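S.K.:
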Amino acid sequence: MMQDNSPTGRTRKATLPMDRQLVGGKYRVVRRIGSGSFGDIYLGVCLKDASEVAIKVERNEAKYPQLAYEAKVYQKLERCPGFPTLKHYGSEEHYKAMVIELLGPSLEELFSICKRRFSMKTVLMLTDQLLCRLESLHNLGFIHRDIKPDNFLMGMGKQDHKLFLIDFGLSKRYVDAESRLHIPIRKDRSLTGTVRYASINAQKGIEQSRRDDLESMCHCLMYFNLGRLPWQGITAASKAQKYEKILEKKCSTKIEDLCKSFPTEFAVVMKYVRCMRFNEDPDYTYMRKLFGLLSRNLNLKYDNIFDWSQLRKQNLERQRERDQVRAREITEARLSLPKKIELSSVLKCSHCVGDVSTDSKRK
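Heads up: the sequence shown begins at 1 in the UniProt record's numbering, then just goes up one per residue.
Right, dumping it as C-alpha cells:
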C-alpha cells in the first residue's frame, strides 16, 4: 500500500545503471543517494576540483519528462539564498542529467535523529527560514506543490545553519510570465504532492496556489511539534479510499485541537492560511513577525544552534574518543610485535642451511 508521505505522480522506471558514469564531461558518478520527483539522485565528484555534487538523472525515454523544466526553475532561483546552485544540465547517451550543489541532511532525517521531536526553539528558527524560502519562490511566480520535510535540506560546512528548498519537479507557475496574471481557479484537479502534508483544498481537487504551499508548511510545523499528524497511519482497501479517509480526518480535526498544546501563534497562522482566497497575496512579514515575537516572549534566540547541532557535537566528541582509543590500541599492538629480522640475516641463514645440506649429501 502506498505510504502517505510519498509524492503522488507517475511511476518511474527502474534505476539506471550509473556507476562511474561521466556527466557533462567533468562530473563522475559515485553512488546513488536518493530519489526525487520522477528522478534518481546520485553523489558525484567534479574531476576539476574534487568537489562533491548531487546529480539528478532522467531517462531519455521518460514518458513525462520534467528535468529540463526543473533545471530552468533552478536557473530562475540562482540569485535567491536557500536554493542549491545549478552547475550543469545536459543530455547524455541514454539520459538527461542535472548537477546541483550537494547539501546536507533533510529535515526528515534530522527529525529522526532527534527522536521525532523538535524543541520550540528549533521549530521557530526553521519557521523563519521556511517562510523566507516560500516568499522567494512565490515572488518569482512559482508554487512548489510538494512542501514536506524531505524537500528541505540543511547546507554543509559554513552553510550548515542555512535551510535549502529542493525538488521542483512538481512546481508550477501560478502567474503568467508575461502578463503577470494569476492562473484561474479550477475544481477538477487530481492531487499533486504528498497527501500527508497536502492542503485540504488540494485534496478536494482545487487548483493549487500560494496558500496551499503555506498550509503544507503549517502541517509540517505541527508534525515537528507533535511527532506525528492525526491523519497518519490511516489504512484502507485502496489508495482512493485511503485518501478520502485522510481528507475526512483533516476536515474534522479542528485547528484549536491540533494546536492545543502549543503557543496560539501556530493556530493563528494556520487559520489565516486556510482562510486565504485563491489568488490572495500572503503576508509573509506578518507571519514572520508573529513567530518572531513569540520567540522573544519565550526568550529564545535565533542563534542557529538547532537540536541536532548539540547532538552532532556530542557525536563528534564520541567519535574523537573512539578514534583515540583505536589509535592507542594500534600503537600497543605494534609495540607488542617481535622486532623484524634483518633480511641480510635471513639470507645468511639460508646460505648456511644450504651449505649444511650440501655437506651432508657429500658425506
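For each residue, glycine too, the CB sits at the ideal point set by N, CA and C.
Every value quoted in this text rests on a predicted model; they were computed, and no experiment measured them.
With a threshold of 7 Å on Cβ separation, who are the neighbours of residue 308 within its own chain once the five nearest residues in sequence on each side are excluded?
M.R.: So the qualifying residues of the chain are 110, 113, 114.
S.K.: Short of 7 Å in beta carbon distance, which residues of its chain neighbour residue 20, apart from the five on each side in sequence? Order them along the chain.
M.R.: Excluding residues within five positions, the ones whose Cβ falls inside 7 Å are 28, 29.
S.K.: Going straight from the alpha carbon of residue 295 to that of residue 94, what length do you get?
M.R.: Cα to Cα, residue 295 sits roughly 51 Å from residue 94.
S.K.: Based on DSSP bridge pairs, tell me the residues matched to residue 95.
M.R.: In DSSP, residue 95 forms a bridge with 59.
S.K.: State the CB to CB distance for the pair residue 198 and residue 216, rounded to an integer number of angstroms; the pair is presumed to be in contact (CB under 8 Å).
M.R.: Contact holds; Cβ gap of about 6 Å.
S.K.: Checking the sheet assignment: what are the DSSP bridge partners for residue 172?
M.R.: DSSP, once it has assigned bridges, lists 143 as partnering residue 172.
S.K.: Would you decide whether residue 193 is buried or exposed? Buried here means 16 or more other CB atoms lie within 10 Å of its CB.
M.R.: Residue 193 comes out buried.
S.K.: Judging by CA-CA distance, which residue of 187, 177, 218 is the nearest neighbour of residue 196?
M.R.: The shortest C-alpha separation from residue 196 is found at 218.
S.K.: So, residue 98 versus residue 158, is the Cβ gap smaller than 8 Å?
M.R.: No.
S.K.: For residue 364 and residue 302, which I take to be in contact (beta-carbon distance under 8 Å), what is that distance rounded to the nearest angstrom?
M.R.: Limits of the chain in this structure are 1 at one end and 363 at the other, which puts residue 364 out of reach.
S.K.: If you drop the 5 nearest sequence neighbours on each side, which residues of the same chain put their C-beta closer than 8 Å to that of residue 45?
M.R.: Same-chain partners within the cutoff: 27, 28, 30, 51, 52, 53.
S.K.: Please return the same chain residues whose Cβ sits closer than 7 Å to the Cβ of residue 267, not counting the five positions on each side in sequence.
M.R.: Excluding sequence neighbours, residue 267 sits near 255, 256, 259.
S.K.: Could you give the residue range of the beta strand (DSSP E) that holds residue 243?
M.R.: Where residue 243 is concerned, there is no enclosing beta strand (DSSP E), although the alpha helix (DSSP H) it sits in stretches over 239 to 252.
S.K.: Label residue 240 either buried or exposed according to how many other C-beta atoms from any shown protein chain fall within 10 Å of its C-beta, with 16 as the threshold for buried.
M.R.: When all chains shown are included, residue 240 counts as exposed.
S.K.: Give the list of continuous beta strand (DSSP E) stretches no shorter than 3 residues that lie fully inside the segment 29 to 90.
M.R.: You should have 39 to 46, 52 to 59.
S.K.: Whole angstroms is fine: what's the gap from residue 1's alpha carbon to residue 69's?
M.R.: With a pLDDT of only 39 at residue 1, under 50, the local geometry of the prediction cannot be trusted, and the value read off the model is given with reservation. For residue 1 and residue 69, the distance between alpha carbons rounds to 30 Å.
S.K.: Can residue 165 and residue 38 be called in contact, C-beta distance under 8 Å?
M.R.: No, the pair does not count as a contact, with Cβ atoms beyond the cut-off.
S.K.: CA-CA distance, residue 144 and residue 322?
M.R.: Straight-line Cα distance between these residues: approximately 43 Å.
S.K.: If you draw a straight line from the alpha carbon of residue 34 to that of residue 43, how long is it in whole angstroms?
M.R.: Their Cα atoms are separated by approximately 9 Å.
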